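*Asks:* Sharing a structure with you now.
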Amino acid sequence: MLDLVLANLTSPIVLFFALGLAAALARSDLAVPEAVAKALALYLMMAIGFKGGASVAGHGVDARLIGAVVAGALLSFSIPWIAFQILQRTTRLPKLDAAAVAAHYGSISIVTFVAASESVRLSGLVAEGYLVAVAAVMEAPAILTALWLAQSARKAAGRGADGDDAEPQGALLREILLNGSIVLLAGAFLIGWITGDRGLEIVSPFLVAPFQGVLCLFLLDMGLVAGRGLRSGWRELKGPVLAFGLYMPLVGASLAALVSLPLGLSAGGTALLITLAASASYIAVPAAMRLALPEARPAIYLTLSLGVTFPFNLTLGIPLYIALAEALP
Amino acid sequence: MLDLVLANLTSPIVLFFALGLAAALARSDLAVPEAVAKALALYLMMAIGFKGGASVAGHGVDARLIGAVVAGALLSFSIPWIAFQILQRTTRLPKLDAAAVAAHYGSISIVTFVAASESVRLSGLVAEGYLVAVAAVMEAPAILTALWLAQSARKAAGRGADGDDAEPQGALLREILLNGSIVLLAGAFLIGWITGDRGLEIVSPFLVAPFQGVLCLFLLDMGLVAGRGLRSGWRELKGPVLAFGLYMPLVGASLAALVSLPLGLSAGGTALLITLAASASYIAVPAAMRLALPEARPAIYLTLSLGVTFPFNLTLGIPLYIALAEALP
Amino acid sequence: MLDLVLANLTSPIVLFFALGLAAALARSDLAVPEAVAKALALYLMMAIGFKGGASVAGHGVDARLIGAVVAGALLSFSIPWIAFQILQRTTRLPKLDAAAVAAHYGSISIVTFVAASESVRLSGLVAEGYLVAVAAVMEAPAILTALWLAQSARKAAGRGADGDDAEPQGALLREILLNGSIVLLAGAFLIGWITGDRGLEIVSPFLVAPFQGVLCLFLLDMGLVAGRGLRSGWRELKGPVLAFGLYMPLVGASLAALVSLPLGLSAGGTALLITLAASASYIAVPAAMRLALPEARPAIYLTLSLGVTFPFNLTLGIPLYIALAEALP
Amino acid sequence: MTHDETPAAAGRPRLETYAKKRLDIIVEAPIMNRLLDLLDRLAVTGYTVVPALAGRGREGSWRRAGLVSDAGQMVLVICVLDESRVPDVLEPVYKLLSRQIGVVTVSDVSVIRREHF
Amino acid sequence: MTHDETPAAAGRPRLETYAKKRLDIIVEAPIMNRLLDLLDRLAVTGYTVVPALAGRGREGSWRRAGLVSDAGQMVLVICVLDESRVPDVLEPVYKLLSRQIGVVTVSDVSVIRREHF
Amino acid sequence: MTHDETPAAAGRPRLETYAKKRLDIIVEAPIMNRLLDLLDRLAVTGYTVVPALAGRGREGSWRRAGLVSDAGQMVLVICVLDESRVPDVLEPVYKLLSRQIGVVTVSDVSVIRREHF
Ligand SMILES: Nc1ncnc2c1ncn2[C@@H]1O[C@H](COP(=O)(O)O)[C@@H](O)[C@H]1O
Ligand SMILES: Nc1ncnc2c1ncn2[C@@H]1O[C@H](COP(=O)(O)O)[C@@H](O)[C@H]1O
Ligand SMILES: Nc1ncnc2c1ncn2[C@@H]1O[C@H](COP(=O)(O)O)[C@@H](O)[C@H]1O
Ligand code: NA
Ligand code: NA
Ligand code: NA
């Protein structure tokens, strides 16, 4: 496993993330324009979705696929509840902040998923293509759990079921589920599924071949964003909150490992499911939280997810999750 | 031909357009940043121009090329006149709106052209490379006809030859002909011609290999824009105007089929010329109309061209035009 | 050599630059969005740095590499001093303007370097990969010399060592050295070095294969920017200043040719070192000048570097420098 | 300063201008759509949205560069309207933004083309 | 409020400011070049163009995202100038924009550095 | 016009507004970070940065499109603050910008949510 950790730490992806992090911490003016960062994110969603769909087209739908999707949804629903309990017991975060943080950990980070896919491949393992569908399914349920937690908290504080000035729940749900990144990931997955290998061949010089290079550029940018976040958000992260960012992935991973036992996934697929559970969102969920829980502070949940948990998973977490998956019966 | 329609409808290009359309109609916040959309358009112009030029370099200039270019210019000059007459007789659009709409149908849609090129290739046909030059030549003449129609309308209404506050005609013409997309398409064509296969080899991993994948992303964006346009512009499109957007491509196509008879083009080349005549502009012409006919309403001409005619051509039109070209003697 | 000049003049890279220049001079509205231009620049830095580092990983560090880096630093330190003396004697530029211009000529143009690399390869020569490191090292020293020249000029004019309102020197130095383009070039070089051929293989479909095509697009943009600069900055460039933009590259080239004699570089490597010395910066140095010498006029130094020297090097300079390198013993 | 519908600048004979109010609303990007929907429902005659690059407030600072999520980013919505409409518009806007971070300012402007507002 | 060239803020001893006017012109992107050429011909001392992301007016709404054509997009041109120049500038600007969609507002500002305007 | 902390619009019963000042600072992009650091040191309560696309001043014109270097580009920094703070802020801002190209304007605005400034 040490080999794997080392190979991981010296992969171009991780090194470009480190470069971005270092540049931001040193206050370099290196920056990726917003429009380009958004385009890179679109590209990643499109590529990941399409490849996943095309692979499902190749292998067909079976009970395992359905099992994995259901398991993913359950994990996404339940992890925020666990995270919330832990935060309540170990930190002094206000309830709404705790609920918002919890939502991030129940949802997933698609870049962590991609990085894990590469490591899985480098370890000589193979993973089921439909895990992309599992990833898409896991994006949103965590948000619902977090909203329910927040509402209970508000009720307990005697502040009615959300204030009369709030958006109606239906509208809010629509906004969350129609988040651009979810729509594109799911849509590209469907298109990949419909067009199969024929489609993949057409788009492959754009979506497959340069993928890892584009990922390097994206991670450079994520390093820059994480570094800027850490510089300004650092003082918000008191000891127990910081620690949460490091051990919560392991909690999620353990839960996923348990859940994966009856699923009959390959070792590679199990590693990816564990990684999904261990990863924390920084695209779809923060946007949803600004809409649904505006009182919760982005400085806390974004710094924790992007500045602490993401680097942890990228460097140490992924090798660990692969080792864990291989150790499972 | 049903096969061709079906293959067309399930091509990744059409499906990504449909995804964008659906996302926009469902009010998802999925969006391609403006800078990126512009870059994609630049890329397409550059790639199409270059490939066309390189293919002319390979085959040389002959009478057919000149004939096709002249035919294209004639079509672009005359179609707006026909479109204007039809609009005057079948709709209640004000004359200036009718002239602006007419300009769009005389000019061309380069993305429709590209999509048709792919379908032609898939049908096992080959098309002459110089049709790119025909496309470039067809961009602008329609605008001139429309301006002339508008001026006649203004004179008839007794409002002088354009008002004394207007730009002088020469300046306007310069602005129209130096439109960025026309300059880049023509310039890249020239460069492709000059550098030939040697040049193509150099740029091919950028301009040729990933082309169709990039096109998918561009069409996702066009679907989003068309969907947003339909959502807000829908009520402007009364029955007869809407119908015009569906049958006018067929009018242009028939005219082009007639004109193509003496040209001696291959079946593939004929299909592309027909597609050019049938397609409606949504890049160069709208910009020119804002400069030259500001009273005409973009909500009408953009919705019609991008929201009605473009999807029609992309799905049903192209297979029809290929079948038509193959049926010609 | 005429062959080389001709091959150079008809390369797609040069032709796209010419297209941009012509479009801007004709006042076309063709434009590359700012965010995209910045992304292209990031891409080039990343690709050049990575490839250079990977090539050093392949060949190892030796005395020649160290010699070339030291020689580059010396050239960058000394050329501004020479340029300043020439400007003082031949033009009426104010001292601060002269110092700012001098800084540009001591530093380097990475695009000129890349174009020269291609020409070197086309001439059948091979160059040492570590010249990228030399390029990175040459970016900044020229700025320091220019600041020192400016400070002497200010002292002579009795205006204290920079005014009490100025940034402290340390902060300024940090801003200059942490300029985004320097950080990315050096960082990607390091990553290329660390990951070597394994890393190169991973990123190559993104950073290597499409490189020249991307360069064409970037040069189109540079042509547009240069053309716009020439249109508005032309009247600032009096005869002797203009002439400086044409002969100063030759001065730098000659100096570099001398310095290269004891270095034992290959003919290709020598040509690149000469090109670096002959080229003038238009990314890192202008930004630094706005911070450090705000009284110096961008209209002068940007127009000279981008509108005069860059095109000269791109078309005539590079073949000359290759011929010069081949003629050296 | 005159806020009624008489020309504002008596000293200028040539082109009449009319006194209006300008609202500048700095608001988070994810909330923008809700705000614009609200302005539509309030039937203001128009508005223009300008992007913001970076900012600082009580909740700390943010920069647009590189952010992959819209969360925490701001836009500036400019809305020129008649003084008589200001209270009707400010009230619900204030209510919408009450739990969000953001800033609303009102200032005096003159306009030409009175039919626009 | 003083519009002449005496310092505007008598209460502030430290830095003198001068009363000027600020024009905000919201105009379609394809017309922008014409407007800037006009401002150049009118010899205003300066202007700054700010992009707009989205908007709504009588002609319906628009959004910048994804638009591949400049048509229908807006920019905001800011021009600070002396009150004495306002009528000379407003008149031709109004004429240029008369057939275009767009909005022009005038407001009061104070500036430091009088030589700029 | 009232500059003290009493509600500015006596005629409006519904929502109270307070008189404040708005600074608009047009400044070169490479200087922006220095300016923002300065504003942080001066402890202004907030600011927002808006990109500029193009402009013209005494030093000639510039356009953002395609520029690969930040040099010569401008941003617009908006800062709403209490009148009492204006001189303390203007002075050092003026000093910072004295050798740079750029423009500073001050204008009157009303705000809701007094706690913000
Ligand atoms: N005084 C101010 N002047 C200008 N913009 C401000 C001001 N205060 C806040 N903002 C903007 O509003 C955002 C949110 O502010 P806040 O709600 O105080 O965190 C900031 O990030 C700034 O972009
Ligand atoms: N009252 C207003 N306040 C701010 N911007 C406006 C206003 N009215 C119109 N606009 C802007 O000007 C554009 C054209 O307006 P119109 O000419 O009314 O269609 C709109 O799309 C908005 O961007
Ligand atoms: N009067 C003005 N109104 C608006 N913006 C201006 C004005 N003067 C200058 N600017 C802006 O400030 C920049 C620098 O101006 P200057 O220092 O005069 O060269 C210009 O490029 C414009 O973007
Ligand atoms: Na998770
Ligand atoms: Na047509
Ligand atoms: Na040099």
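Chains as they are written, first to last, in the numbering used here: chain R, 3 to 331; chain X, 3 to 331; chain Z, 3 to 331; chain Y, 212 to 328; chain L, 212 to 328; chain P, 212 to 328. Glycine residues also receive a C-beta, built at the ideal position from the N, C-alpha and C atoms. Computed from a prediction, not measured in an experiment: that's the story for all the values here.
1. Around the Cβ of Asp235 (chain Y), are there at least 16 other Cβ atoms within 10 angstroms (buried) or fewer (exposed)?
2. List, in order along the chain, the chain Y residues whose C-beta lies closer than 7 Å to that of Pro262 (chain P)?
3. Does DSSP put Leu292 (chain P) in a helix, a strand or coil?
4. With distance defined between alpha-carbon atoms, name the residue in R:Pro264, R:Gly309, R:Leu27, R:Gly319 nearest to Leu330 (chain R).
5. Check the DSSP bridge columns for Trp273 (chain Y) and list the partner residues they point to.
6. Given that Ser121 (chain Z) touches chain X, what residues does it touch there, using C-beta distances under 7 Å?
7. Under 8 Å Cβ to Cβ from Leu293 (chain X), same chain only, skipping five residues before and after it: list those, please.
8. Can you tell me whether Lys232 (chain P) is buried or exposed? The criterion is at least 16 other CB atoms within 10 Å of its CB, across all chains shown.
9. Would you say Gly215 (chain X) faces chain R, with C-beta separation under 8 Å as the test?
10. Could you work out which residue in X:Leu221, X:Pro251, X:Ala190 is closest to Leu209 (chain X) when comparing CA atoms only?
11. Starting from Arg233 (chain L), trace the beta strand (DSSP E) both ways and give me its first and last residue.
12. If you compare alpha carbons, which of R:Ala144, R:Lys157, R:Leu306, R:Ser78 is closest to Arg233 (chain R)?
13. When we look at the beta-carbon of Asp215 (chain L) and count the other beta-carbons within 10 Å, is it buried (16 or more) or exposed?
14. For Val315 (chain L), report the span of its beta strand (DSSP E) as first-last.
15. Tell me the residue span of the alpha helix (DSSP H) that contains Ala142 (chain X).
16. To the nearest angstrom, report how far apart Tyr284 (chain R) and Phe115 (chain R) are at their CA atoms.
17. Output yes or no for whether 8 Å exceeds the beta carbon distance between Val7 (chain X) and Pro321 (chain X).
18. Taking DSSP as the reference, what is the three-state secondary structure of Leu226 (chain R)?
19. Compare the C-beta of Leu293 (chain Z) against all C-beta atoms of chain P and say whether one is closer than 8 Å.
20. Along chain P, in chain order, which residues have C-beta atoms closer than 8 Å to that of Gly257 (chain L)?
21. What first and last residue would you give for the alpha helix (DSSP H) that runs through Lys53 (chain R)?
22. Buried or exposed: where does Gln214 (chain Z) fall if 16 or more other Cβ atoms within 10 Å of its Cβ makes it buried?
23. Go through the stretch 66-135 of chain R residue by residue and report every complete run of the alpha helix (DSSP H) that reaches 4 residues or more, in order.
24. Say whether chain Z places a C-beta atom closer than 8 Å to the C-beta of Pro241 (chain P).
25. Who are Val260 (chain Y)'s beta bridge partners in DSSP?
26. Across the stretch 146-162 of chain X and the stretch 92-102 of chain X, are there enough close Cβ pairs to call them in contact, namely three or more that are closer than 8 Å?
27. If I follow the unbroken alpha helix (DSSP H) through Pro14 (chain Z), where does it start and stop?
28. Grab the span of the alpha helix (DSSP H) containing Pro207 (chain Z) for me, first residue to last.
29. Rounded to whole angstroms, what is the Cα-Cα separation between Glu130 (chain R) and Gly271 (chain R)?
30. For Tyr249 (chain Z), count the other beta carbons within 10 Å of its own beta carbon; 16 or more makes it buried, fewer makes it exposed. Which is it?
31. May I ask which residues mark the beginning and end of the alpha helix (DSSP H) holding Pro288 (chain R)?
32. When you compare each of R:Ile81, R:Ala118, R:Ser125 to His106 (chain R) by their alpha carbons, which one comes out closest?
33. By the criterion of Cβ-Cβ separation under 8 Å, what are the contact partners of Gly170 (chain R) in chain Y?
34. Give, in chain order, every residue of the stretch 4-15 of chain R whose Cβ lies closer than 8 Å to some Cβ of chain Z.
35. Between which residues of its own chain and Gln311 (chain P) is the CB-CB distance below 8 Å, once the five residues before and five after are set aside?
36. Under a Cβ-count criterion, where at least 16 other Cβ atoms within 10 Å of its own Cβ denotes burial, should Gly266 (chain R) be classed as buried or exposed?
*Replies:* This is what the structure holds:
1. buried
2. Chain Y residues near Pro262 (chain P): Pro262, Leu264.
3. strand
4. R:Pro264
5. Y:Gly266
6. Those within 7 Å of Ser121 (chain Z) in chain X number zero; the least Cβ separation is about 12 Å.
7. Glu169, Leu174, Glu177, Ile178
8. buried
9. yes
10. When only C-alpha atoms are compared, the closest one is X:Ala190.
11. 229-239
12. The shortest C-alpha separation from Arg233 (chain R) is found at R:Leu306.
13. With a pLDDT of only 42 at Asp215 (chain L), under the threshold of 50, the placement of this residue in the model should not be trusted, and no figure is reported.
14. 313-322
15. The continuous stretches of alpha helix (DSSP H) do not include Ala142 (chain X), and DSSP gives it neither H nor E.
16. 13 Å
17. Result yes, Cβ atoms of Val7 (chain X) and Pro321 (chain X) sit closer than 8 Å.
18. In the three-state DSSP reduction, Leu226 (chain R) falls in the helix class (H, G or I).
19. yes
20. Gly266, Arg267, Gly268, Arg269, Val314
21. 36-61 is the extent of the alpha helix (DSSP H) around Lys53 (chain R).
22. buried
23. Segments of the alpha helix (DSSP H) lying fully in the stretch 66-135 of chain R: 97-108, 112-124.
24. yes
25. Secondary-structure assignment with DSSP links Val260 (chain Y) through a beta bridge to Y:Val288, L:Ala265.
26. yes
27. 14-27
28. 182-209
29. 6 Å
30. exposed
31. 286-294
32. R:Ile81
33. Going by the sequence as given, residue 170 (chain R) is Pro instead of Gly. Correct list: empty, because the minimum Cβ distance to chain Y is about 12 Å.
34. Thr12, Ser13, Pro14
35. Hits under 8 Å: Val238, Glu239, Ile242.
36. exposed
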